[in-house]
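Report on one structure; see the data block that follows.
In the numbering used here, the protein residues as written are 347 to 570.
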């Protein structure tokens, strides 16, 4: 499922957005700029919804520091600041879209989908890699039209790799993304599940192009 970071100090609006996107995305709510920057730097989110007028650290500063540290995660600013100067400043700092409050939740979702499509994180209901085809609506995996059973986190892990090709994925980032910060299990579970999907997809482009980076994590190279 898509993971979205929502940085908004208005509790009512934050909860409304959370509830509206519940069947579409896994939304993490934070309510100040410091915590927002900390969460954003984790790299586990597909998109960030960022208010500008935040306690501790404003949204402009959060965005500035995030981009200076090399993050390319799409950022959609949603704020009551509607002047052209504010919008221009947001885009100069690296925002990908700008939505002025008040807004329709339906429009917010459409803009989110557009940004995710542009970044390759959302492609309707299917993903493909070499001879592998994945249906995100039914959680099914096919190799040359033959079904392969990938259960739970196995399926989620394969999707995460396919959505992040040519990106170094540290084990800690994979663990935080799929199992969560408060999971009772340990980071070694990542190696266990990578081994499982490698065995189930043996002989495919995925198995051949998924490389282990010792003491770091993994990288999936492009399918040839």
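Where is the CB? At the ideal position from N, CA and C, for every residue including glycine.
Item, Value
"Going by DSSP, what residues sit across from residue 474 in a beta bridge?", "479"
"Whole-angstrom Cβ separation of residue 398 and residue 419, contact assumed at under 8 angstroms?", "Between residue 419 and residue 398 the Cβ distance is about 17 angstroms, and since that is not below 8 angstroms, they are no contact."
"Please tell me whether residue 522 and residue 429 are closer than 8 angstroms, where the distance is taken between their beta carbons.", "no"
"Would you say the segment 432–448 touches the segment 475–488, given that touching needs at least three Cβ pairs under 8 angstroms?", "no"
"From what residue to what residue does the beta strand (DSSP E) around residue 372 run?", "371–376"
"Three or more C-beta pairs closer than 8 angstroms, one from the segment 355–369 and one from the segment 403–416: is that the case here?", "no"
"Output yes or no for whether 8 angstroms exceeds the beta carbon distance between residue 378 and residue 400.", "yes"
"With residue 441 and residue 395 assumed to form a contact (beta carbons below 8 angstroms), what rounded beta-carbon distance in angstroms separates them?", "So it is not a contact: roughly 11 angstroms between Cβ atoms."
"I need the boundaries of the alpha helix (DSSP H) containing residue 345, first residue and last residue.", "This structure cannot speak to residue 345, because the chain is shown only from 347 to 570."
"At which residue ranges does the segment 397–444 contain complete beta strand (DSSP E) runs of 3 or more residues, listed in the order of the chain?", "421–425"
"Would you mind working out which of 505, 367, 348 sits nearest residue 454, comparing C-alpha positions?", "367"
"For a test of the three-state rule: what should DSSP assign to residue 533, helix, strand or coil?", "coil"
"Classify residue 423 as buried or exposed, calling it buried when 16 or more other Cβ atoms lie within 10 Å of its own Cβ.", "buried"
"Roughly how many angstroms lie between the CA atoms of residue 507 and residue 565, to the nearest whole one?", "8 angstroms"
"Does the beta-carbon of residue 568 have 16 or more other beta-carbons within 10 angstroms, so that it is buried, or is it exposed?", "exposed"
"Under 8 angstroms, Cβ to Cβ, is there at least one residue of chain B near residue 399?", "Considering every chain present, this structure includes no chain B. It has just one protein chain."
"From residue 498 to residue 481, what does the alpha carbon distance come to, in whole angstroms?", "14 angstroms"
"For residue 415, which residues in the same chain have their Cβ closer than 7 angstroms to its Cβ, ignoring the five residues on either side in sequence?", "387"
"State yes or no: is the C-beta of residue 494 within less than 8 angstroms of the C-beta of residue 542?", "no"
"Going by beta-carbon coordinates alone, are residue 503 and residue 393 separated by less than 8 angstroms?", "no"
"Go to residue 489, then tell me how far its beta strand (DSSP E) extends in each direction, as first and last residue.", "486–489"
"Looking at C-alpha atoms only, which residue of 391, 433, 439 is the closest neighbour of residue 413?", "439"
"Determine the DSSP secondary structure at residue 446, reduced to helix, strand or coil.", "strand"
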